[in-house]
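Step one of this worksheet: look at the structure below.
In my numbering, the protein residues as written are 11 to 241.
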């Protein structure tokens, strides 16, 4: 109470920032090419436009997926419980500069997230994951080429400290990367292992659900057969 005997209101509680949960990000390989294609083809026209910088047709998307070089570049993905690829990123390493060149080693980043998985921070998580991988491989800069109207992507870059240069309808973002360290190397290793473990758990759960569905269908069929025989 105050000096007049009036009960004091409790002090306001400052808002607590939302705690970000860990997101398993898995490295994709040649065997995932069909899943990557399905993911990109499922994007709406507006999302394809933002991802590729032009209204890409199915044929152009197919050519892009066919051109992916998993030995040179890195592709990452986020899977949901049904093992659908709901978000993916492509980290393309630029050709190595000549020994006498002063041009820093650079990697280009591109990302896509299906509409139903938006608002969960997957784009930012994939960007952070790509930064970790790039710096561990000696890259000094991350590069993003995006349409100026792709505000979500440019916001991710700015929040990471990138310098964004706008040239009319297009923008370029450049992020200087710190050198790798023991922490970054261990972080990548641990993240990859946990992502693989998470994926295998989801695959086992998916197989178990399929088995339950088969059992349910068999029971239903046997019940229908029994009722038919008794009639």
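Don't be surprised by glycine CBs; every beta carbon is placed ideally from N, CA and C. None of these values were measured; they are calculated from a predicted model.
Beta-bridge annotation (DSSP): residue 199 is not paired with any residue. When the five nearest sequence neighbours on each side are left out, the beta carbons in the same chain lying within less than 6 Å of the beta carbon of residue 85 are those of 38, 100, in order along the chain. In the structure shown, residue 62 adopts helical secondary structure according to DSSP, grouped into three states.
For residue 86, no alpha helix (DSSP H) run applies; the uninterrupted beta strand (DSSP E) run containing it begins and ends at 84-89, by DSSP.
Here residue 139 is not near residue 46, since their CB atoms are 8 Å or more apart.
Taken through DSSP and simplified to helix, strand or coil, residue 152 comes out as strand.
In the DSSP assignment, residue 174 falls within the unbroken beta strand (DSSP E) covering 173-177.
Residue pairing by DSSP places residue 103 opposite 117 in a beta bridge. Pairing residue 152 with residue 199 gives a Cβ-Cβ distance that is not under 8 Å. In terms of Cβ geometry, residue 191 and residue 164 do not form a close pair [threshold 8 Å].
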